[in-house]
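Engineer:
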Amino acid sequence: MIISGHAVVIGDDVDTDMIIAGRYLRTIDKSVWVDHIFEDYDPCLAGKMNGAVLVAGKNFGCGSSREQAVVALKEAGVRAVIAQSFARIFFRNSINYGLHIIEADFFCEDGVPVVYNSETAEITTENISCKAAPLSTRMQEILLAGGLAEYLSTKVQDDDEDCNC
Numbered sequence: 006m007i008i009s010g011h012a013v014v015i016g017d018d019v020d021t022d023m024i025i026a027g028r029y030l031r032t033i034d035k036s037v038w039v040d041h042i043f044e045d046y047d048p049c050l051a052g053k054m055n056g057a058v059l060v061a062g063k064n065f066g067c068g069s070s071r072e073q074a075v076v077a078l079k080e081a082g083v084r085a086v087i088a089q090s091f092a093r094i095f096f097r098n099s100i101n102y103g104l105h106i107i108e109a110d111f112f113c114e115d116g117v118p119v120v121y122n123s124e125t126a127e128i129t130t131e132n133i134s135c136k137a138a139p140l141s142t143r144m145q146e147i148l149l150a151g152g153l154a155e156y157l158s159t160k161v162q163d164d165d166e167d168c169n170c
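Just so you know, we're using the numbering used here here: the sequence shown kicks off at 6 and counts up by one.
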């Protein structure tokens with residue numbers, strides 16, 4: 006799978022409360038989350054999310070285990086997150102919700118086009134090429150399905166079709 010978008014560069018230790026502040030979690034209206042994404046980190050970022058590939062430093066998604074942070078990123082149109090490292094719970098939530106996460110020692114300028122090839126685990130820009138840490142086959146299958154629920158749904162359907170009941 007090829008994922009591409011414009012780079013939005015952010016720093017180290019971006020926690021889930023910076024992605025979507027706790028005061029917005031009482032609503033189930035995801036458009037509210039989109040409007041307020043990264044509000045306490047940098048209010049200008051919300052308008053840059055659609056079609057973005059976030060390029061972050063170390064420990065992205067640390068803090069609380071709120072899955073709303075992942076959902077907010079997806080709803081805002083983020084195509085993938087590239088970071089040097091991820092908080093473990095954020096990493097798993099991202100896989101489960103179908104948000105492409107890419108672990109690599111990668112940096113580029115804000116706004117440049119970024120392309121990721123999941124088959125080769127290669128990240129490229131006009132001037133840079135970098136290998137990412139490959140995901141397991143199962144994680145790639147979950148991401149390709151759109152998330153864990155979608156993946157399991159296809160597995161159940163496959164099992165039903167194989168049944169001679």
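Cβ coordinates follow ideal geometry from the N, Cα and C atoms, glycine included. This one's a predicted model, so the numbers in the text were calculated from it and none came from an experiment.
#1: Three-state secondary structure (DSSP) at Tyr46?
#2: Using the three-state DSSP reduction, which class does Thr130 fall into: helix, strand or coil?
#3: So, for Pro139: in the same chain, excluding its five sequence neighbours on each side, which residues have a beta-carbon less than 8 Å away from its beta-carbon?
#4: With a cut-off of 8 Å, do at least 3 Cβ pairs link the stretch 68 to 80 to the stretch 91 to 108?
#5: Figure out for me which residue from Gln162, Thr159, Ser36 and Pro118 has the closest Cα to the Cα of Ile7.
#6: Can you name, in chain order, every residue of its own chain whose Cβ lies under 8 Å from the Cβ of Val37, other than the five neighbours on each side?
#7: Would you identify the three-state DSSP class for Asn3, choosing helix, strand or coil?
#8: Should Ile1 be labelled buried (16 or more other beta-carbon atoms within 10 Å of its own) or exposed?
#9: If you drop the 5 nearest sequence neighbours on each side, which residues of the same chain put their C-beta closer than 7 Å to that of Gly56?
Structural biologist: According to the structure data:
#1: coil
#2: coil
#3: Ala126
#4: yes
#5: Pro118
#6: Once the five neighbours on either side are set aside, the close Cβ partners of Val37 are Tyr29.
#7: Residue coverage of the chain in this structure runs from 6 to 170, which leaves residue 3 outside it and unanswerable.
#8: Because the chain is modelled from 6 through 170, residue 1 falls outside the range shown and cannot be assessed.
#9: Gly10, His11, Gly82 and Arg84
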